[in-house]
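Have a look at the structure below, then the notes.
2 protein chains.
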Amino acid sequence: MIQSSKLLSQTVREWSEAFMHRSMRDFKRVMNDTGLSFSQINILMCLMHGGCEGVSDIGERMGFTNAAASQAIDRLVQLDLVKRSENPQDRRGKQLELAPKGLALMQKGIEARTRWVEDVTESLTPAQQETIIAALTLLTEAARARTD
Amino acid sequence: MIQSSKLLSQTVREWSEAFMHRSMRDFKRVMNDTGLSFSQINILMCLMHGGCEGVSDIGERMGFTNAAASQAIDRLVQLDLVKRSENPQDRRGKQLELAPKGLALMQKGIEARTRWVEDVTESLTPAQQETIIAALTLLTEAARARTD
DNA sequence: GGATATAGTTAAGTATAATTAACTAATAAA
DNA sequence: TTTATTAGTTAATTATACTTAACTATATCC
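Taken in sequence, the protein lines are chains A and B. Residues 0 to 147 (numbering that gives the first Met the number 0) make up the first sequence, in order. Residues 0 to 147 (numbering that gives the first Met the number 0) make up the second sequence, in order.
Written as structure tokens, this is what we have:
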């Protein structure tokens with residue numbers, strides 16, 4: 000099935016390019032609206048998605064020092080977007096999680112990014128909608144499985 | 000088909016969240032590897048996608064002044080990522096396009112973002128692959144149609 | 001032809017993200 | 001218990017993205 004595989008590859012490429020282009024515009028808009036930096040939104044996204052444990056962990060994942068992470072998180076805490084509490088198991092460490100306001104902000108972002116999909120899909124036939132559901136479920140599982 | 004529509008909405012939401020989380024990590028990695036800023040990569044993406052005409056146009060789309068756009072583009076030109084030439088129709092304006100090096104960089108980025116999809120899809124059945132192709136084609140067309 | 005508007009550049013100043021280095025506090029190891 | 005390691009914070013410095021303002025050059029309008 001060489002031909003089908005090539006078509007798939009091209010399809011994925013075009014979709015990725017179009018989606019990224021739009022996502023970046025939305026991302027930039029959120030930055031302007033909220034006054035948050037790229038890194039700060041990235042931190043919120045990491046907390047939303049799960050897998051970011053402490054301050055140093057976030058620094059590593061984001062590619063900067065734990066000092067920078069501490070400062071960035073501090074601003075997010077002051078803005079009521081992140082809740083920072085002591086870890087009872089290891090009192091050196093901090094437990095970080097999205098505060099309600101931060102969760103709402105992230106959900107609003109996801110809304111914006113997905114609205115155009117929902118718009119187009121509501122005019123599709125049930126069979127076509129099932130196609131989208133099946134495909135996106137596969138892709139979401141693939142994305143989650145790859146934790147590298 | 001209320002139930003199916005709700006499921007679709009939820010599916011899109013989860014996919015969007017997972018994809019964005021991964022894309023942002025890749026985006027940050029490209030920033031670190033190349034030393035380019037968020038805005039500079041965004042400009043390259045805009046030129047790649049088409050629809051960014053001159054310097055001021057880019058400034059408007061990116062949400063900053065044309066002075067900032069001029070400076071950002073100048074750095075990209077110095078790095079051989081963007082080709083800036085005079086517009087023969089209106090000699091005040093500049094024609095901007097990706098230089099070969101810039102095009103290669105963007106394509107490498109798309110590669111990275113789509114590799115995980117290609118990885119998972121190559122183990123799927125032809126029928127499942129067709130499902131993905133059909134869904135992503137629909138979504139890509141939707142993304143392109145919405146030029147707002 | 002002269003006034004106005006548009007496209008872009010340049011320079012100086014501002015704001016802030018991130019680094020380095022020095023520090024505190026809690027845990028682990030010796 | 002003493003030492004070393006780990007987690008995080010803080011302050012001073014650096015780097016740079018972006019703004020404002022002044023400028024040049026081309027195009028359009030009267």
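Cβ coordinates follow ideal geometry from the N, Cα and C atoms, glycine included. All values derive from a computational prediction rather than experimental measurement.
Euclidean distance between Cα positions of residue i and residue j
i: T148/B; j: Q88/A; result: Residue 148/B is absent from the model: chain B starts at 0 and stops at 147.
i: E52/B; j: Q94/B; result: 7 Å
i: S22/B; j: R90/A; result: 33 Å
i: A103/A; j: L7/A; result: 36 Å
i: S122/A; j: S55/A; result: 46 Å
i: E13/A; j: G92/A; result: 43 Å
i: A98/A; j: M30/A; result: 18 Å
i: R83/B; j: G49/B; result: 15 Å
i: L80/A; j: E140/B; result: 35 Å
i: S69/B; j: I57/B; result: 9 Å
i: A17/A; j: W115/A; result: 12 Å
i: R143/A; j: Q77/B; result: 39 Å
i: D73/B; j: I132/B; result: 39 Å
i: E59/B; j: K100/B; result: 25 Å
i: R145/A; j: A67/B; result: 38 Å
Among the options, the one whose alpha carbon lies nearest that of residue i
i: L138/A; options: T139/B, T120/B and E140/B; result: T120/B
i: L75/B; options: R145/B, F37/B and E13/B; result: F37/B
i: G108/B; options: L43/B, G49/B and Q77/B; result: L43/B
i: L35/B; options: M105/B, V116/B, E117/B and P125/B; result: M105/B
i: Q9/B; options: E117/A, A98/A, L46/A and I72/A; result: E117/A
i: L46/B; options: I132/B, A126/B, E59/B and E96/B; result: E96/B
Residue range of the beta strand (DSSP E) that includes residue i
i: L46/A; result: Per DSSP, L46/A belongs to no beta strand (DSSP E); it is in the alpha helix (DSSP H), F37 to H48.
i: R83/B; result: V81 to E85
i: Q94/B; result: K93 to L97
Environment of residue i [buried if 16+ CB atoms lie within 10 Å]
i: Q85/B; result: Contrary to the premise, residue 85/B reads as Glu rather than Gln in this sequence. Flag for E85/B reads exposed.
i: Q128/A; result: buried
i: A134/B; result: buried
i: R28/A; result: exposed
i: A71/B; result: buried
Inter-residue CB distance, residue i and residue j (contact presumed, cutoff 8 Å)
i: T113/B; j: S15/A; result: 5 Å
i: T130/A; j: T130/B; result: 6 Å
i: M19/B; j: N41/B; result: 15 Å between Cβ atoms; not a contact.
i: D32/A; j: A111/A; result: With 8 Å as the limit, D32/A and A111/A do not qualify as a contact, their Cβ atoms being about 10 Å apart.
Range covered by the alpha helix (DSSP H) that runs through residue i
i: L137/B; result: P125 to A144
i: S55/A; result: V54 to M61
i: M74/B; result: Contrary to the premise, residue 74/B reads as Arg rather than Met in this sequence. It spans N65 to Q77 - the alpha helix (DSSP H) in which R74/B sits, taken as one unbroken run.
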